[in-house]
Structures are given as structure tokens and as C-alpha cells.
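Numbering (the working numbering), first residue to last: 14 to 184.
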């Protein structure tokens, strides 16, 4: 009796193993795990050229001055399209770049080489961005406001913003 049960258990184990392996080795090849990641990555990358009708600076050819400093750290946003940044202006020791985001938005990157400065940050605006409008702004601890605007922006009056560069204004 023991031998019958032993044979039955072995036969049942072999059948389960065979069925399991057969299910794992179907005729269809396994999907390429990176193909969907590549498609998703491509779909989420905005083309900076799509923004040039509102941000002419992004249509300019990349120059050495457009490179971000090596020690910029985490100031540049993770959502930025690599190498889309263009240097806009330097003001009071802080350098400003305009960059495209993967979702079609735009970012203002501010960097001051003084490690104690609060003037190193980035702010990004949502998409879509209208022409001649405020995209986003940053108010520092001293109450100074830096504003990212699209091309054609104007501001008038006694309390108006002041242009540092076509896309970077301050108050």
C-alpha cells in the first residue's frame, strides 16, 4: 500500500510540475520589459521646439553659457527635458535659465554660487501656457519676487514688474 501511495504522489507531483512548466513556456515570446518603458518615456518628453512660439529663448541653439553648473545639485527639476535649459540673465549674483518640462510646461531655474544664498531654486508652470502671460513666480524670504513670463508680456503702472530678460521679470 505504501508503494502505491508513493507512486501516486510522485505521478501527481510530476503532472503538476509538467503543467506548470508548460504554462510558463508558451509559444509567444515574453514581452520586452523595456519596450513599454521606452514608449512611455518618449510620450512624456516634450519637444522644446513646441514651446518656441511662447518662449523664443528655447528655440535658440545650445551654447556653452546654457550649461548648468556642475555644483547646481538638486536645483534643476527632475521633470526638465535634458539640455533644454537656456541661460536668460544674471542679476545680483544669481543666474537664471528657462527650461522645458517633459509634460510641456516651462521652468525657471535660479542659481547663486553662494552656498548660503536662498536664491537657488526652480519653479515650473503648468501647461498650456498662453502668450504674454505670467507662467509662475517665486517670492524669496526678503520679499523679492522673480517671475517667469511668456514672450510678449508687458506690465505697466507704479507697482509694475521690471524686465531683466524677455522671460524673467522681478518685483
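We put the CB at the ideal spot given by N, CA and C, even for glycine.
In the structure shown, residue 107 falls within a strand segment according to DSSP collapsed to helix, strand and coil. For the set 140, 123, 100, the Cα lying nearest the Cα of residue 160 is the one of 123. Remark: C-beta atoms of residue 82 and residue 120 do not approach each other more closely than 8 Å. Excluding the 5 residues flanking it on each side, residue 168 has same chain C-beta neighbours closer than 6 Å at 174, in chain order. Contact between residue 163 and residue 68 holds, with the beta-carbon distance rounding to 6 Å and staying under 8 Å.
The C-alpha of residue 153 is placed about 22 Å away from the C-alpha of residue 99.
Closest option to residue 92, judged by alpha-carbon separation, among 85, 79, 117: 117.
The alpha helix (DSSP H) runs of length 4 or more contained entirely in the stretch 60–115 do not exist; there are none. In this structure residue 145 does not touch residue 170 by the C-beta definition: roughly 16 Å separates them, more than the 8 Å allowed. Burial check for residue 132: the Cβ neighbour count within 10 Å reaches 16 or more, so the residue is buried. Taking 8 Å as the cut-off, the beta carbon of residue 113 is found no closer than this to the beta carbon of residue 130. Within the same chain, Cβ atoms closer than 8 Å to the Cβ of residue 143 are found at 67, 163, the five residues on either side in sequence being excluded.
Annotated three-state conformation of residue 138 is strand, per DSSP. In the structure shown, residue 183 adopts extended strand secondary structure according to DSSP, grouped into three states.
If you look at residue 178, you'll find it in the beta strand (DSSP E) that goes 175–178.
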